[in-house]
Amino acid sequence: MVRQIYCLSLFPFFEKMEQAPWIRGQQRLILMEDNAPIHIAAFSNQWRKRNGIVKMEWLEHSPYLNLIKNIWKSMKSQISKLYQPQNLEELKNTIQSTWSNIHPGILNDYLQSMPRRMQIVIDQHGGPTSC
C-alpha cells in the first residue's frame with residue numbers, strides 16, 4: 001500500500017514540475033532520495049524506470065551530518081527503556097516530556113562533535129563515513 005501511494009504521488013508531481021515555466025526546456029529533472037527501504041525497493045526502481053524518472057545515485061553510507069537524528073535515536077532508546085505508552089496520547093506526552101527534558105549538555109556534545117564529523121567528510125572527499 002505504501003509503495004502504491006509513493007508511486008502514485010511521485011509521478012504526477014514530476015509531470016507538473018517538468019511543465020513549470022522555470023523548468024520547461026531545461027535539463028531533465030533528477031530525483032534525489034535517501035536509501036529508505038521504499039526508495040530502494042525493486043518495485044520503486046522498476047516503476048521509476050518505466051516512467052522515465054532519473055534518480056541521483058546515492059551512497060549507501062553517505063556522510064551523515066544530521067544531528068537531530070542522533071537526538072531522536074537517543075530519545076527512542078530512552079523512551080523504550082523507561083516507558084511503555086499504552087496509547088497514542090501517552091506516546092505523544094512521553095515524547096514531548098522526553099524532548100523537554102533533554103539536558104543542554106547532550107545537545108552541546110552533539111554540536112561540539114560537528115567539526116570532527118565535518119573533517120572526516122573532508123578527509124573522505126565527501127565519500128562514505130561512519131560518523
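Sequence positions in the sequence shown follow the UniProt record's numbering and run 1 to 131. Where is the CB? At the ideal position from N, CA and C, for every residue including glycine. Predicted model only: the values in this text are computed from it and were never measured.
When the options are compared against residue i, the one with the closest alpha-carbon
{"i": "Asn66", "options": "His103, Asn108, Ala41, Met114", "result": "Met114"}
{"i": "Arg3", "options": "Gln78, Ala42, Gln96, Lys76", "result": "Ala42"}
{"i": "Leu107", "options": "Pro128, Asn87, Gly126, Lys73", "result": "Lys73"}
{"i": "Ile53", "options": "Glu15, Tyr110, Gly127", "result": "Glu15"}
8 angstroms Cβ cutoff met for residue i and residue j
{"i": "Ile71", "j": "Ile102", "result": "yes"}
{"i": "Met118", "j": "Trp99", "result": "no"}
{"i": "Ile122", "j": "Thr129", "result": "no"}
Cβ shell of residue i (< 8 angstroms), same chain only, five flanking positions each side left out
{"i": "Met17", "result": "Ile23, Leu29"}
{"i": "Leu91", "result": "Pro85"}
{"i": "Gln78", "result": "Thr98"}
Residues near residue i in its chain [Cβ-Cβ closer than 7 angstroms; skip 5 each side]
{"i": "Met56", "result": "Ile30, Leu31, Met32"}
{"i": "Thr94", "result": "Ile79, Tyr83, Pro85"}
{"i": "residue 187", "result": "Past the edges of the chain, shown from 1 to 131, lies residue 187, and the structure says nothing about it."}
Supposed close pair residue i, residue j - CB separation, criterion 8 angstroms
{"i": "Ile40", "j": "Tyr6", "result": "Wrong, their Cβ atoms sit about 12 angstroms apart, outside the cutoff."}
Cut-off 6 angstroms between Cβ atoms - residues of its own chain near residue i, not counting five sequence neighbours on either side
{"i": "Lys124", "result": "The residue you asked about is not Lys; residue 124 is Gln in the sequence shown. Counting only Cβ-Cβ distances below 6 angstroms, and skipping sequence neighbours, we find nothing."}
Item to check | Stretch-stretch touch, CB-based, cutoff 8 angstroms, three pairs: the segment 48–58 with the segment 5–14 | outcome: yes
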